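Structure, as structure tokens:
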């Protein structure tokens, strides 16, 4: 098993991965999320077996994702991105290699006071990164980056290829609807620290993110178009619950790091 896959699937931020959006809906229209990016280990195995974290194409050579997905030494050598691969088993999308990754300088894991030696119980702060591709992806719409955070109670949609069951990878891209919530209302659900400066909370009705949804984009519609407002970071695994258990999901607040996103990883 390659280092990249091990790090993404059993990442130091354990379950930050998420079920292929358990309880979500399949995306049937190729035009709905053309900017969806899937990180995979290079190799000859089917993409469905090699896929790990999600992401979003925010510029022809830039993918937005979670920091914990890309903090591995051999990322450019062993990883690649598939853009617009709505059905992993049927369409690999546009494939690009990785030139490098810029991780937010304040990214860090936050150990749980109840289980400080268990990485799976850790939350994270500033869990966001921008990956530079080795070639531009032309002809694919990019996803704008939010300048302002959504208001409490706003509707947002998470896209991902994570698990849909205990051992079932999401072959077809799924989406799930969330309502944003104040961090203070979500923090009691987990003993792990919730960094209010960088974390955005959301709760779904039937929707819960799980393993494989790490780094996937939470998007909101504003002024007639969609923009990315969050990047999936961690969920109820930090409370010792199985991946996909009911409860809030926690995202990196894109608006909180907008200046860094648009200036630093150029």
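Numbering (mature numbering (1 follows the signal peptide of the UniProt record, and there is no 0)), first residue to last: -20 to -1, 1 to 246. Note that beta-carbon positions come from the ideal geometry of N, C-alpha and C, so glycine has one too. Source: prediction; values computed, not measured.
Query	Result
Note the first and the last residue of the continuous alpha helix (DSSP H) segment covering residue 233.	It is not in any alpha helix (DSSP H) - residue 233 instead sits in the beta strand (DSSP E) that spans 229 to 233.
I need the straight-line Cα distance from residue 234 to residue 172, nearest angstrom please.	21 Å
My assumption, with CB atoms under 8 Å, is that residue 123 sits in contact with residue 197. Please give the rounded CB distance.	7 Å
Is the beta carbon of residue 192 less than 8 Å from the beta carbon of residue 224?	no
Assign residue 237 to one of three DSSP states: helix, strand, or coil.	helix
Just to confirm my understanding: we take residue 239, look at its own chain, exclude 5 residues before and 5 after, and list those with CB closer than 6 Å. What are they?	none
Determine, using beta-carbon pairs with one atom in the stretch 85 to 105 and one in the stretch 14 to 26, whether at least three such pairs fall under 8 Å.	no
Using only CA atoms, which one of 150, 186, 97 lies nearest to residue 32?	150
Do residue 125 and residue 242 come within 8 Å of each other at the CB atom, strictly closer than that value?	yes
CA-CA distance, residue 81 and residue 106?	15 Å
Would you decide whether residue 103 is buried or exposed? Buried here means 16 or more other CB atoms lie within 10 Å of its CB.	buried
Quick check: what's the CA-CA separation for residue 155 versus residue 18?	15 Å
Please look up how many angstroms separate the CB atoms of residue 135 and residue 159, rounded, as I've assumed it's under 8 Å.	6 Å
Is the stretch 208 to 220 touching the stretch 44 to 60, taking contact as three or more C-beta pairs under 8 Å?	yes
Straight-line CA distance for residue 176 to residue 170?	14 Å
Beta-carbon within less than 6 Å of residue 219's beta-carbon, same chain only, minus the 5 sequence neighbours each way: which residues are those?	170
Does the beta-carbon of residue 48 have 16 or more other beta-carbons within 10 angstroms, so that it is buried, or is it exposed?	buried
What separation, rounded to the nearest whole angstrom, lies between the Cα atoms of residue 76 and residue 15?	13 Å
Between the Cα of residue 111 and those of 202, 86, 38, spot the shortest distance and give me the residue it belongs to.	38
Counting only the same chain and skipping the five closest in sequence on each side, list residues whose C-beta sits under 7 Å from that of residue 118.	40
By the three-class DSSP mapping on this structure, what secondary structure does residue -12 have?	The predicted model places residue -12 with a pLDDT of 39, which falls under 50 and marks its position as unreliable, so this point remains unresolved.
Give the list of continuous beta strand (DSSP E) stretches no shorter than 3 residues that lie fully inside the stretch 52 to 120.	59 to 63, 74 to 83, 88 to 90, 103 to 105, 109 to 113
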